[in-house]
Amino acid sequence: MSVAEDQSTGARVVDVLAPVAVDAPYSYLAPPALALAPGDSVKIPLGAREAYGVVWSVAETPAPAHANLKTVAARLDRPPLPQTLRDFIDWLARYTLTPRGMALRLATRAAEEAAPEALRTLYRATGQAPERLTPTRARVLAAAEGGMAFSKKALAEAAGCGPTVIDALVDDGALVAMTAPPDPVAGALDPAYSPPSLEPAQFDAAKALVSAVRAKAYAPFLLEGVTGSGKTEVYFEAIAAALEDGGQALVMMPEIALTAQFLERFAARFGEKPAEWHSGVSARKRARIWRAAATGKLSVVAGARSALFLPFCNLRLIVVDEEHEAAYKQDDGVCYHARDMAVVRARFEHAAIVLASATPSIETRVNAESGRYRHLRLHARAGARPMPLLEPIDMRREGPSRGRWIAPRLASAVAETIARGEQTLLFLNRRGYAPLTLCRDCGHRFRCRQCDAWLVEHRFRRALVCHHCGHVERRPDTCPECHATDSLAACGPGVERLAEEAATLFPDARVLVLSSDFPGGAERLRRELDDIAKGAFDIVIGTQLVAKGHNFPQLTLVGVVDADLGLGSGDPRASERTFQLLNQVTGRAGRGDKPGRALIQTFQPEHPVIAALLSGDAEKFYAQEIALRRRAGLPPYGRLAALIVSAKDAATAEAHARALARAAHDLPPAPRYRVAAPGSLPEAEDILLLGPAEAPIALIRGRFRYRLLVKAPRSADVQSFLRDLIDAAPKPRGGVRVQIDVDPQTFL
DNA sequence: AGCACGCCGACT
DNA sequence: GTCGGCGTGCTC
């Protein structure tokens with residue numbers, strides 16, 4: 074074929090990535106008139122349907138005429154996906170062993186529905202009198218007085234009439250319709266609206282962040298400050314710096330923490346609220362935010378982890394608030410840790426990133442100590458508010474009588490607190506009435522049929538509930554094994570049972586129980602939290618739900634009912650989680666400049682985690698935990714990942730999990746891999762695959778999932794091992810899915 | 001035979 | 001992710 078023929082068609086080959094489960098962009102022909110560039114959104118034929126897609130690359134040379142390719146159907150009116158975001162998507166897909174299309178989907182879900190923004194029609198008075206002037210028409214014209222333009226809805230509401238009256242007045246020439254740009258999706262933010270007065274420590278930290286934002290380069294920070302030390306004001310200054318430069322900022326928070334309180338504080342500082350991004354925001358609104366982020370009409374987004382995939386065109390700062398929170402981990406669909414991916418995104422964007430926490434994760438602390446992150450610290454509470462006083466209650470020596478869980482010393486502290494008109498929080502991280510029910514006659518223990526965990530009694534609902542998979546059954550009156558009556562005994566406490574005990578001990582106190590299965594949903598929960606803040610309750614009994622978010626000004630006493638809970642779970646992060654949680658909970662005690670008090674019930678006050686907590690010395694905890702991790706080769710000194718095998722029934726999932734474990738055994742070169750004994754996480758230089766037998770099974774979204782833990786000294790080993798393993802194992806059948814849960818922070 | 005359902009592989 | 005193809009098994 075001749076060059077002339079080539080040029081006569083002029084079509085280019087473009088590679089388009091579709092947001093579906095494929096890894097490679099597909100090649101299409103594109104007519105030159107479309108003038109496609111990388112990042113453009115297009116409609117493409119894909120199989121039998123039309124699909125959304127994003128141009129990943131455009132060939133330099135014209136397409137050969139014989140190219141057997143389909144043609145791009147249309148170019149969509151969307152702002153382009155920035156190069157930095159496309160690079161980030163490629164990187165994330167590779168890191169999480171996810172098809173690239175699925176990674177793209179995270180960034181384009183909102184865009185697929187983002188039709189071009191319709192212009193609004195506004196109505197303005199012409200000054201011309203209508204032919205007929207009825208009282209209703211007069212009210213409309215009075216409302217439109219002064220030449221301002223109003224929407225049809227606003228005018229009709231102001232005049233107390235229907236929209237047809239407006240139309241009639243337009244026909245009569247008294248009103249004129251005009252088009253106007255759509256409402257901005259968020260208000261304009263003013264960095265100088267209300268600058269705070271910072272304490273010296275805050276000022277120094279803010280100064281470091283501000284100069285990093287100004288430098289327009291990748292700059293990661295750990296902002297570590299005890300509860301109440303004013304971290305938020307500090308990172309607000311960094312946001313202000315981004316705004317002054319006309320740049321954008323993203324504030325990420327764990328889903329539950331995205332509260333009205335934060336939005337109001339933000340508005341008090343910058344004059345308007347930021348754009349909100351989380352699962353509760355409507356598709357329409359999300360589409361508008363997506364577009365506004367890409368065109369620069371939006372400067373700050375506060376959102377949950379999925380906000381990380383917005384197409385910011387000038388991102389200068391990312392803040393990850395409460396960076397240690399496990400809610401940043403996404404473990405269905407594409408598995409990723411949003412905190413870590415935020416660091417990667419910041420690197421691609423040449424932006425500053427601030428990881429903020431009172432109790433940072435071990436990984437982040439290690440990165441700060443090694444100099445990868447700059448470590449900014451706020452040691453004291455702002456306004457010289459004192460830290461709470463922590464006291465242990467040794468349950469071996471001064472525990473309560475059998476069948477009770479509140480020790481005498483805690484009980485008298487509660488009584489004193491009530492007498493002073495102040496509030497107590499009793500913290501127990503266990504929902505329901507009792508974690509185990511057994512038959513006193515035959516010893517039968519109620520277990521979940523689906524996953525073997527103990528069934529938790531929920532007395533209020535008269536049910537036995539599996540907290541692993543959600544299975545619910547009625548609590549019977551007789552033993553299903555030996556049919557004895559009145560033989561079933563509840564063992565151990567849950568928050569419901571604690572409430573029962575509190576009601577006995579303090580009959581006049583107003584008691585509220587809060588847990589995630591609280592009846593009435595999120596709306597009622599928010600009301601109850603407000604009521605607590607107003608002092609409507611004397612004793613609040615709660616699970617970890619009460620550890621975060623809300624501020625309770627009357628709260629002066631915290632009782633940790635079982636500090637040991639969770640320390641013996643075998644989870645490699647149990648110590649870290651417990652320390653963070655108890656720190657957070659006890660930190661809630663205190664009012665004004667009066668120190669709060671926290672009583673901690675424990676059977677093992679000498680346990681390193683409990684001892685470190687009691688000493689109030691977080692450094693001690695980090696030092697010992699980091700040393701332990703280093704010795705055991707655990708993250709961040711080694712890599713932990715998990716293969717998640719899921720299916721619609723437990724047996725199928727387990728069968729494939731076992732098949733994978735067998736395949737790991739036979740994998741050449743065999744000596745590199747070892748299937749470890751269940752229930753252990755031994756030290757080793759080799760790659761280990763921990764068999765499925767001990768892995769908890771959970772039912773999530775109707776699918777049973779098994780986890781196989783993989784441990785290796787280096788990140789690359791895990792990735793190559795997993796690739797080999799998936800190739801070597803029999804292909805999953807029967808609706809089995811295999812996903813990889815990649816563990817954090819070994820990528821830098 | 002005719003259809004509902006579930007599994008599986010292809011999609012440029 | 002979404003679709004069509006095809007096998008299984010059930011009903012008119």
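Per our numbering, numbering of the first sequence is gapless, rising by one per residue and ending at 821. The beta-carbon is built from N, C-alpha and C at its ideal position, and this holds for glycine as well. Every value quoted in this text rests on a predicted model; they were computed, and no experiment measured them.
Is it buried or exposed, residue i, if we count other Cβ atoms within 10 angstroms and call 16 or more buried?
i	result
His729	buried
Pro744	Its pLDDT being 41, under 50, Pro744 is placed unreliably in this model, and the value from its coordinates should be taken loosely. Burial call: exposed.
Val439	buried
Pro708	buried
Ala802	buried
Val658	buried
Ala253	exposed
Arg600	exposed
His397	buried
Val613	buried
Gln792	buried
Cys512	buried
Lys304	buried
Ala183	buried
Gln653	buried
Asp550	exposed
Val416	buried
Ser53	Since the first residue of the chain shown is 74 and the last is 821, residue 53 is not available in this structure.
Asn502	buried
Leu206	exposed
Glu649	buried
Asp413	buried
His623	buried
Within the continuous alpha helix (DSSP H) that includes residue i, where are the two ends?
i	result
Tyr695	691 to 705
Ala264	The identity of residue 264 in the sequence shown is Pro, whereas the question assumes Ala. It is not in any alpha helix (DSSP H) - Pro264 carries neither H nor E in the DSSP assignment.
Tyr168	156 to 168
Gly174	173 to 185
Met325	No alpha helix (DSSP H) contains Met325, which is instead part of the beta strand (DSSP E) from 321 to 325.
Just checking my contact of residue i with residue j at CB under 8 Å: how many whole Å lie between their CB atoms?
i	j	result
Ala486	Leu578	Going by Cβ atoms, the distance from Ala486 to Leu578 rounds to 12 Å, so no, they are not a contact pair.
Pro459	Asp635	26 Å between Cβ atoms; not a contact.
Val307	Ala278	5 Å
Val128	Leu149	Not really, about 11 Å apart at Cβ, beyond 8 Å.
Ala557	Asp590	Not quite, the Cβ-Cβ distance comes to about 30 Å (not below 8 Å), so this is no contact.
Val538	Leu390	So it is not a contact: roughly 43 Å between Cβ atoms.
Thr36	Leu585	With the chain running from 74 to 821 in the structure shown, residue 36 is simply not present.
Ala91	Tyr99	7 Å
Tyr101	Thr181	Between Thr181 and Tyr101 the Cβ distance is about 17 Å, and since that is not below 8 Å, they are no contact.
Arg520	Trp527	6 Å
Leu282	Ala425	7 Å
Could you work out which residue in the options is closest to residue i when comparing CA atoms only?
i	options	result
Gln334	Ile117, Ala375, Ala311	Ala375
Lys784	Arg806, Leu713, Leu798, Ser793	Leu713
Leu158	Glu396, Phe223, Ala176, Arg780	Ala176
Ala121	Arg670, Lys143, Val115, Ala314	Lys143
His410	Arg378, Trp363, Leu390, Ala419	Arg378
Glu464	Ser688, Leu296, Asp800	Ser688
Ala671	Glu349, Gly807, Arg482	Arg482
Arg447	Glu297, Arg359, Ile479	Glu297
Arg532	Val407, Ala424, Val568, Ala290	Val568
Ala259	Gly369, Phe694, Ala180	Gly369
Gln627	Gln617, Lys621, Lys607	Lys607
Glu328	Ala311, Gly353, Asp581	Gly353
Gly807	Ala723, Ala261, Trp350	Ala723
Ala262	Glu317, Gly220, Phe694, Arg361	This sequence places Leu at residue 262; Ala is not what is there. Answer by Cα proximity: Glu317.
Specify, as a first and last residue, the run of the beta strand (DSSP E) that residue i falls within.
i	result
Ser589	Careful: Ser589 lies outside any beta strand (DSSP E) and carries neither H nor E.
Leu528	Run containing Leu528: none; DSSP gives neither H nor E here.
Pro465	462 to 467
Trp350	348 to 350
Ala662	Looking at the DSSP string, Ala662 is not in any beta strand (DSSP E), and its letter there is neither H nor E.
Arg394	Position check: residue 394 holds Asp in this sequence, whereas Arg was assumed. Where Asp394 is concerned, the enclosing beta strand (DSSP E) stretches over 388 to 394.
Arg780	776 to 785
Look up residue i in the DSSP assignment and give the residues it is bridged to.
i	result
Ser890	With the chain covering 74 to 821 only, the question about residue 890 has no answer from this structure.
Ile435	Answer is none; Ile435 lacks a bridge partner.
Gly615	Phe500, Leu587
Met251	Leu195
Ala103	Arg85
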